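Report on the following structure.
Number of protein chains: 6
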Amino acid sequence: MKILLLNPNTSDVLTDQLAEVARKYAAAGTEIVPATGTFGVPYIANRAEAVIGANAALEILAQQHRNVDGAILAAFGDPGLGAARELFDIPIVGLAEAGMLTACMVGKKFAIVTFSTALGAWYRECVEWNQLQDRCCAIRMLDQSFKSIGSVRDEKEALLAELANRAVEEDGADVIVLAGAPLSGLADRIRDRVPVPMIDCCAAAIKQIEGLVTMQLKAPEVGTFRRPGAKDTRGLNDLLAARIEHRD
Amino acid sequence: MKILLLNPNTSDVLTDQLAEVARKYAAAGTEIVPATGTFGVPYIANRAEAVIGANAALEILAQQHRNVDGAILAAFGDPGLGAARELFDIPIVGLAEAGMLTACMVGKKFAIVTFSTALGAWYRECVEWNQLQDRCCAIRMLDQSFKSIGSVRDEKEALLAELANRAVEEDGADVIVLAGAPLSGLADRIRDRVPVPMIDCCAAAIKQIEGLVTMQLKAPEVGTFRRPGAKDTRGLNDLLAARIEHRD
Amino acid sequence: MKILLLNPNTSDVLTDQLAEVARKYAAAGTEIVPATGTFGVPYIANRAEAVIGANAALEILAQQHRNVDGAILAAFGDPGLGAARELFDIPIVGLAEAGMLTACMVGKKFAIVTFSTALGAWYRECVEWNQLQDRCCAIRMLDQSFKSIGSVRDEKEALLAELANRAVEEDGADVIVLAGAPLSGLADRIRDRVPVPMIDCCAAAIKQIEGLVTMQLKAPEVGTFRRPGAKDTRGLNDLLAARIEHRD
Amino acid sequence: MKILLLNPNTSDVLTDQLAEVARKYAAAGTEIVPATGTFGVPYIANRAEAVIGANAALEILAQQHRNVDGAILAAFGDPGLGAARELFDIPIVGLAEAGMLTACMVGKKFAIVTFSTALGAWYRECVEWNQLQDRCCAIRMLDQSFKSIGSVRDEKEALLAELANRAVEEDGADVIVLAGAPLSGLADRIRDRVPVPMIDCCAAAIKQIEGLVTMQLKAPEVGTFRRPGAKDTRGLNDLLAARIEHRD
Amino acid sequence: MKILLLNPNTSDVLTDQLAEVARKYAAAGTEIVPATGTFGVPYIANRAEAVIGANAALEILAQQHRNVDGAILAAFGDPGLGAARELFDIPIVGLAEAGMLTACMVGKKFAIVTFSTALGAWYRECVEWNQLQDRCCAIRMLDQSFKSIGSVRDEKEALLAELANRAVEEDGADVIVLAGAPLSGLADRIRDRVPVPMIDCCAAAIKQIEGLVTMQLKAPEVGTFRRPGAKDTRGLNDLLAARIEHRD
Amino acid sequence: MKILLLNPNTSDVLTDQLAEVARKYAAAGTEIVPATGTFGVPYIANRAEAVIGANAALEILAQQHRNVDGAILAAFGDPGLGAARELFDIPIVGLAEAGMLTACMVGKKFAIVTFSTALGAWYRECVEWNQLQDRCCAIRMLDQSFKSIGSVRDEKEALLAELANRAVEEDGADVIVLAGAPLSGLADRIRDRVPVPMIDCCAAAIKQIEGLVTMQLKAPEVGTFRRPGAKDTRGLNDLLAARIEHRD
């Protein structure tokens with residue numbers, strides 16, 4: 001099967017990093033098709049940037065959805081996930097959603113651990129959108145600047161391990177969700193320093209999308225994610241307009 | 001005071017209709033500054049269209065925020081409301097938010113009544129974003145096509161009154177929130193046919209934004225709606241980019 | 001319009017203080033009609049005193065409701081608010097309700113900050129009555145005696161500013177609700193020392209009641225706040241008895 | 001032990017009826033001390049009447065609390081229960097509280113069945129005050145006038161049995177709480193016509209208060225129901241004033 | 001009346017201790033019939049041991065249910081309580097359930113205090129099964145080894161009193177539920193050292209089961225705890241098999 | 001990898017049916033190791049039977065856990081899932097858990113559809129144990145007898161399709177979870193008759209357990225599912241006793 005790995009950020013370095021993790025955990029026969037946002041910000045960290053990233057994600061899906069069997073929306077916070085599911089017929093999972101639902105199978109309470117306080121407000125809304133508040137015991141964030149988005153995983157490795165431990169000790173986390181595309185790949189490295197399982201969201205996402213594609217579920221004809229009726233548009237990207245107008 | 005009445009839809013007819021209602025309820029001395037979305041769809045009805053409308057709203061705010069004292073995001077569902085609050089320093093209220101919070105002062109349970117089933121899934125997410133699920137007893141929607149977005153209020157007047165009555169009788173609504181910009185102005189007309197108070201969201205929004213502007217609250221320096229730090233952007237509308245990059 | 005500013009406490013000094021704030025924020029053309037409780041305690045701080053204050057509030061409303069267009073129940077905790085809405089046809093808002101709902105438009109989480117631990121249990125029930133638990137992140141109270149209810153605002157100014165800051169830092173408050181009639185007027189003075197917006201509940205209440213009166217909502221004929229049928233009474237204040245017996 | 005059976009309504013017929021049920025289920029050695037409200041309405045049915053009844057209850061408790069070992073607040077809805085617990089040191093249970101908590105031991109979901117729609121809004125607030133919403137599947141009310149409060153139990157027997165059955169079939173009730181002092185004694189009579197257990201709230205209350213008295217729990221020195229500090233009062237019933245001012 | 005005091009643990013010393021407390025609080029005329037688990041572990045502390053203890057409890061009930069009027073499932077956590085209610089017609093209460101519901105009548109928030117961290121996860125599930133999360137402010141556990149299950153109550157008396165005080169001060173507990181059969185009898189001893197009421201679960205359970213038996217509720221014919229239809233079994237204890245197969 | 005497909009029922013026909021579905025959806029290289037309960041009932045339908053089935057599941061796991069890489073607890077309701085996770089180090093998923101979490105990625109609200117009303121009470125507790133109440137809009141059950149557990153899937157095919165449609169139309173289900181091991185394999189057959197995706201829980205479970213095994217998460221050393229300390233046992237199955245006593 002072919003899986004679109006859609007990075008709605010504009011950073012190619014993140015796309016590469018995510019693709020590496022996805023390929024590591026993918027089943028034999030799964031082909032990863034990476035794509036990077038063409039406009040927006042290098043790393044989505046809040047609601048305003050998520051609005052822009054959601055738009056970028058829709059445009060990439062409009063271009064690619066017929067070429068793949070499923071897609072991963074590869075930014076924690078899952079910008080535009082509901083919108084994407086409405087517009088397109090293929091299965092789509094978000095990094096946050098996949099990570100949190102997977103965590104639910106290894107613990108009662110998960111904590112989200114990430115590298116910047118800027119992300120907290122948006123991540124919290126993401127937990128609520130998934131209605132998983134009762135299972136999320138904390139969102140723990142580093143409160144420090146970092147050199148680059150591509151190397152934050154390495155630069156803060158020790159501090160992130162320590163933060164995960166505090167979530168276990170002080171918040172009662174049974175499992176840690178390492179959040180944010182830039183942290184993909186970290187779980188393995190700090191495994192011996194944290195006493196509970198840690199979820200790599202990109203690993204979780206590739207397994208979840210493979211599962212959904214394998215099950216060959218039908219696209220919904222009614223309900224919250226059914227495709228909306230055709231509608232006129234003005235001023236949009238051509239392929240996205242075509243999809244909304246039912247010309248695609 | 002000057003209030004931006006920001007219609008993120010592309011329909012001028014809706015903007016005119018909303019401005020008329022806003023002016024009717026505005027205090028002496030309040031000037032309404034209408035604006036209409038320059039790209040997107042004539043009427044936002046789902047998550048995909050809300051992503052696009054949210055973007056349109058941010059662009060208009062980037063252009064206008066220094067010319068006004070406050071803004072109304074004039075589409076029920078409040079596309080991009082959190083994002084707008086993050087990026088800009090003026091008070092901003094959404095049509096849905098203002099309508100629902102006002103309803104909370106006249107009843108324990110409100111029902112949302114609107115003109116199309118297409119709107120249900122998105123409206124439900126809006127109720128949840130406001131964490132008002134415990135106070136919303138139902139979302140009632142007409143299940144019929146209509147001639148035009150500018151005249152749906154007139155065409156369906158009798159059916160909407162009937163729907164409001166069913167929400168009262170069957171769902172236990174103490175108050176009705178008439179939802180969607182196209183229904184602004186309807187509450188007065190069907191007042192005698194519905195036994196509970198009805199909220200016109202545009203009327204509620206103009207009173208709420210006047211209140212916030214009058215109180216002269218400071219913009220938050222920390223917390224969920226603080227302004228994010230400066231960040232590089234690529235490929236965005238100039239004014240919006242300037243705001244994100246802290247050049248504005 | 002004429003607005004009854006109903007202080008269910010027996011302290012005239014509080015009534016004066018509240019009236020001053022209400023007049024400061026009222027629109028041109030709004031007349032404030034102050035009233036003070038004739039029996040009970042100088043300052044309602046718990047459920048037992050609220051039962052008494054609620055009774056005092058109903059008696060004042062029985063006397064005044066035909067002379068005014070709306071009423072503010074001017075004690076945080078809103079003693080008897082539901083009862084008042086049932087019995088009388090005019091719009092009525094409570095200080096707590098108005099402050100908290102207004103806070104919902106400037107932050108996701110509000111903290112209530114007040115001057116005495118005696119108030120905590122009752123305020124918590126008030127948050128629950130409004131079903132706003134998910135949006136209230138903390139109730140912070142000073143744990144100290146104070147000289148007089150009329151001057152606690154001045155005496156504890158520095159400590160209250162500090163408490164507000166702790167609610168921001170430790171509880172994650174996006175906005176502060178300064179609670180209790182005696183703190184009305186404080187928000188402006190400590191504005192520069194607190195990094196988030198602060199709500200003066202009396203200011204919020206005057207804007208909310210002006211909005212409700214402007215919208216000219218009908219009184220409910222059914223639902224939770226409809227007027228109860230006529231009933232015999234024994235031993236009650238004459239005007240209140242007349243209202244319950246439908247002689248008024 | 002001596003148990004005050006405090007009927008905050010003004011109807012002696014209800015007091016007699018309740019006392020009969022209480023005596024039937026009381027342990028040997030339990031003495032029932034009945035008391036009836038001296039002002040208010042014959043039967044409390046809404047929030048306004050509950051404010052008045054709560055006041056009446058506090059006055060009776062001020063008079064009787066030193067003569068008894070515990071008290072039953074004998075009106076479903078439990079007007080003034082929190083206030084009573086704050087002010088007095090003896091254990092006190094409410095009819096609604098006792099009935100609902102007892103129901104929790106015989107089913108997962110209880111339905112409240114009562115004789116008048118006028119009671120619904122107030123009863124719902126009572127369920128919420130006890131935070132038992134997740135266990136209450138319905139409040140079912142007859143929608144008919146009745147001859148007298150003392151005979152409604154007999155007059156509507158067949159209809160109430162039918163209503164209980166509908167709560168079982170349509171709402172999934174595992175157990176029925178027969179609500180309202182006037183229905184005390186009904187459970188036994190319709191036992192054979194309803195397929196689930198039914199709780200007589202007065203029976204439940206006498207067993208619960210006997211249990212609390214037997215356990216000899218200490219009165220709380222801190223927390224939500226600790227006794228408030230002494231405070232000046234004006235215009236109150238002498239004994240109630242004495243209790244608030246710590247002269248009693 | 002005869003009450004089965006069913007200790008699903010294998011420790012006779014606990015059974016004796018529980019029976020002593022039950023007899024102390026029982027009404028005149030109540031006979032306590034103790035029984036101890038014949039297989040499993042000396043003290044149930046987690047979900048795995050609860051599965052085993054639940055089985056042991058069902059076997060004892062299959063043997064005894066016709067000889068008694070009611071039963072107490074005498075392990076905090078109430079292993080198999082729902083299963084027991086389904087299979088048998090007599091009233092049954094659990095130690096945890098009885099303790100927590102009783103606590104609800106003396107405070108708004110209760111804290112569970114117990115002697116070992118091993119118990120936390122299972123106790124939390126018990127609170128959730130009872131849907132009392134909103135009323136449970138904390139589960140506080142000692143983090144130390146102890147000499148024997150029969151003497152932990154004495155050995156840790158001072159530490160448990162201190163822990164109860166921390167629950168009051170730091171978690172806002174209005175009432176303490178002393179959890180775990182081994183702590184039965186402790187409440188009285190530390191009464192003077194803790195400023196809020198404390199619930200002895202065995203005392204609460206004997207009063208609750210006496211109340212249920214006195215009320216003579218019918219067994220449910222429908223709903224969550226109705227008896228399941230007859231079913232074939234393989235490899236089970238004879239009496240339990242007979243009950244499931246409707247031969248008993 | 002080797003996956004234990006643990007059917008805690010005593011019906012071999014169910015084990016065969018489940019194994020067929022599991023093999024159909026398993027990745028190349030996944031070996032399914034089926035096992036059937038040696039005591040209990042042919043089909044677990046309620047809490048009492050779940051207690052017994054949970055015990056049977058623990059015994060099978062005690063025997064097999066070192067021979068496999070992961071396990072599926074193959075009865076909807078997941079009897080003993082938490083207990084199993086505590087005792088054993090391999091990843092384990094339940095049929096219900098896997099089905100519901102997978103459903104969360106294709107709709108906002110799922111409905112559970114099953115073949116017998118006997119299952120409702122127990123399934124509801126399972127939804128609550130997973131804290132997914134906000135996402136489960138209904139549990140729909142056929143109310144009819146059936147010939148055999150092995151053929152109920154075929155016998156009731158048309159009625160189950162109809163029931164799924166009612167869940168969509170009347171409960172607003174976005175996705176259907178076909179619940180109960182006997183329905184495994186049905187989703188494909190009725191796909192064209194139901195307008196929303198349907199989850200085959202056995203298919204979901206095999207994909208979820210494959211994902212967990214692939215991620216090679218560590219077993220928790222602390223938290224809710226850590227392995228309990230060694231403890232003495234009496235009267236248990238040898239292998240289970242060995243595991244609890246830390247001899248295995």
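Protein chains in written order, with UniProt numbering: chain F, 1 to 248; chain P, 1 to 248; chain L, 1 to 248; chain G, 1 to 248; chain S, 1 to 248; chain Z, 1 to 248.
By construction, the Cβ of each residue, glycine as well, lies at the ideal position given by its N, Cα and C atoms.
Predicted, not measured: the structure shown is a model, and the values here were computed from it.
What is the rounded straight-line gap between the Cα of residue i and the Cα of residue j?
i, j, result
"Ala27/F", "Glu31/Z", "15 Å"
"Cys126/G", "Leu87/G", "20 Å"
"Trp129/F", "Ala121/F", "13 Å"
"Val175/F", "Asp248/F", "42 Å"
"Glu210/L", "Phe225/P", "27 Å"
"His246/S", "Thr233/S", "11 Å"
"Gly29/L", "Met1/L", "6 Å"
"Ser151/P", "Pro182/P", "8 Å"
Here's a check: name, in chain order, each residue in its chain whose Cβ is nearer than 7 Å to the Cβ of residue i, leaving out the five neighbours to either side.
i, result
"Gly82/S", "none"
"Ala203/L", "Val21, Tyr25"
"Pro42/P", "Asn9, Thr10, Ser11, Ile149"
"Asp143/S", "Thr117"
"Ala167/G", "Ala111, Val113, Ala138, Arg140, Ala173, Ile176"
Thinking C-alpha only, which one of the options is nearest residue i?
i, options, result
"Phe115/P", "Phe76/P, Thr102/P, Ile72/P, Ala84/P", "Phe76/P"
"Ala96/S", "Ile206/S, Ile244/S, His246/S", "Ile206/S"
"Ile3/P", "Ala19/P, Asn9/P, Gly70/P", "Gly70/P"
"Arg191/F", "Phe146/Z, Gln216/Z, Leu178/Z", "Gln216/Z"
"Ala48/Z", "Val51/S, Asn46/S, Arg47/S", "Val51/S"
"Gly180/S", "Ala19/S, Ile44/S, Pro34/S, Ala161/S", "Ile44/S"
Does residue i come within less than 8 Å of chain Z when only Cβ atoms are used?
i, result
"Pro228/F", "no"
"Glu221/F", "yes"
Under 8 Å, Cβ to Cβ, is there at least one residue of chain G near residue i?
i, result
"Asn55/L", "yes"
"Cys104/S", "yes"
For residue i, would you say it is in contact with chain S, using Cβ-to-Cβ distances shorter than 8 Å as the test?
i, result
"Gly99/G", "no"
"Phe39/Z", "yes"
"Leu18/G", "no"
Counting contacts by CB-CB distance shorter than 8 Å, is residue i in contact with chain P?
i, result
"Pro42/F", "yes"
"Pro79/L", "no"
"Gly94/F", "no"
Which same chain residues, not among the five before or five after residue i, have their C-beta less than 6 Å away from its C-beta?
i, result
"Asp12/G", "Thr36"
"Leu101/L", "none"
Is residue i close to chain F? Criterion is C-beta to C-beta, closer than 8 Å.
i, result
"Leu132/P", "no"
Determine, using beta carbons only, whether residue i comes closer than 8 Å to chain L.
i, result
"Thr30/G", "no"
Assuming residue i contacts residue j (C-beta within less than 8 Å), just tell me the rounded distance between them.
i, j, result
"Pro34/S", "Ala19/S", "5 Å"
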